[in-house]
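Novice: Let me begin by handing over the structure; questions about it come next.
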Amino acid sequence: MVREVSESCIDNLIRETIDSYCNRFYADKPDLAARKIEAIGYQVGHQLSERYTMDRPRFSDHLEAIKFICKDFWSELFKKQIDNLKTNHRGTFVLQDNKFRWLAHMSVDPSSAHNVNSADDNSSPSAENIAAQAMSMHLYFPCGIIRGALSNLGIPCAVSADISNLPACSFVIRIKA
Amino acid sequence: MIICVAVVGHQNNPLFIQSFTEADDALKLHHIVHCSLDVVDERVNNPKKSGSMINETFLGLLYPFENYKVYGYLTNTKVKFILVTTDLDVRDADVRNFFRRFHAAYVDAVSNPFHVPGKKITSKTFVERVSTIVKSFGLSSAG
């Protein structure tokens, strides 16, 4: 049985969730809000990975699990695969999605569109910084999903996201030794 | 007849154990399940010995114990399912089918947002579903 989910509903739900966490529940603590959103993603990824790996043989190594994330897992979530996978063969993987669905309907003030790093962006709140931070908030959820899925597959890791040119988006996975 | 099914987490913590006998032998069944965990580890670490397909989730017959047979299944998420049965001639296909349905039930149970990962499964729906699956296993192997 194929179950379908309304894409616009999901879009709005995520946007509202992020808005509530950032501007209402933890209005003056963006770090805490980010952690909470990431935790929601973690749980989602954790549960989804259980379901999507059901009919598969077990993975023999990390690369196979990452490939599963890039192909099958991403197809289930976004109906497309990751466009580019890079690795240094020492536990760091970069997954690039050229048209990340959850960012497809967003745009950033052009003045601030240069190399926004979601992980550490704590400089003084100028206008472009605020825009960048709002953007990065939307990436904690998918980061959490990836981290949750991989942890459930027995791969503890840290995931961060990078949006250098929208709507392309890359996720950096660092596997903890 | 299936007399016991168990779900064991990735740190070998019991998540669910259910016996289907009238007798008061919970301790014995715990013991059987506990012993099987070592066999599961062995199968996973030395896949050549077991002869089964490498990295398959179904681990096959783990070991016979007195008049029981113990079967194992390991998911991608390192959760183990253990099945103890008294049937002596069990078809592999039946056991595979059982584990597939059991896995589906397990996935539905842990997808419950109120379920805490790594904690025991307390869902009544899951218990009911498991007993349905266990009952139908008896039928299919008899027929």
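Protein sequences appear in the order of chains P and W. According to this note's numbering, the first sequence is numbered sequentially starting from 25. According to this note's numbering, the second sequence is numbered sequentially starting from 55. We treat Cβ as the ideally placed atom computed from N, Cα and C, and that holds for glycine.
Decide if Val68(P) is buried, meaning its Cβ has at least 16 other Cβ atoms within 10 Å, or exposed.
Specialist: By the neighbour-count rule (16 or more Cβ atoms within 10 Å), Val68(P) is buried.
Novice: Give me the subset of the segment 123-151 of chain W whose CB atoms are less than 9 Å from a CB atom of chain P, sorted by chain position.
Specialist: Leu128, Thr129, Asn130, Thr131, Lys132 and Val133
Novice: At the 8 Å Cβ level, is Glu182(W) part of the contact set with chain P, yes or no?
Specialist: It does not; no Cβ of chain P falls within 8 Å.
Novice: Count the other CB atoms, across all protein chains shown, that sit within 10 Å of the CB of Ile154(P); report buried if there are 16 or more and exposed otherwise.
Specialist: exposed
Novice: Going along the chain, which residues of its own chain have a beta-carbon closer than 8 Å to the beta-carbon of Ser73(W), five neighbours each way excluded?
Specialist: Ile57, Cys58, Asp79, Ala80 and Leu83
Novice: Tell me where the alpha helix (DSSP H) around Thr41(P) begins and ends.
Specialist: Glu31 to Ser44
Novice: The alpha helix (DSSP H) with Arg59(P) in it runs from where to where?
Specialist: Segment Pro54 to Tyr76, the alpha helix (DSSP H) holding Arg59(P).
Novice: Just to confirm, is the Cβ distance from Tyr66(P) to Gly172(P) under 8 Å?
Specialist: yes
Novice: Excluding the five sequence neighbours on either side, which residues of its own chain have a C-beta within less than 7 Å of the C-beta of Arg150(W), listed in chain order?
Specialist: Phe112
Novice: By how many angstroms is the C-alpha of Asp43(P) removed from the C-alpha of Arg183(W)?
Specialist: 39 Å
Novice: Excluding sequence positions up to five away, which residues of its chain have a Cβ less than 6 Å from the Cβ of Gly168(P)?
Specialist: Excluding residues within five positions, the ones whose Cβ falls inside 6 Å are Glu62, Gly65 and Tyr66.
Novice: Using a Cβ-Cβ cut-off of 8 Å, state whether Asn67(W) counts as contacting chain P.
Specialist: no
Novice: Give the range of the beta strand (DSSP E) segment to which Leu113(W) is assigned.
Specialist: Phe112 to Phe119
Novice: Can you tell which of Ile38(P), Trp98(P) and His113(P) has its C-alpha closest to the C-alpha of Ala77(P)?
Specialist: In the sequence on display, residue 77(P) carries Thr and not Ala. Of the candidates Ile38(P), Trp98(P) and His113(P), the one whose C-alpha sits nearest the C-alpha of Thr77(P) is Trp98(P).
Novice: Please return the same chain residues whose Cβ sits closer than 8 Å to the Cβ of Ile187(W), not counting the five positions on each side in sequence.
Specialist: The answer, listed in chain order, is Phe152, Arg155, Phe156 and Ala159.
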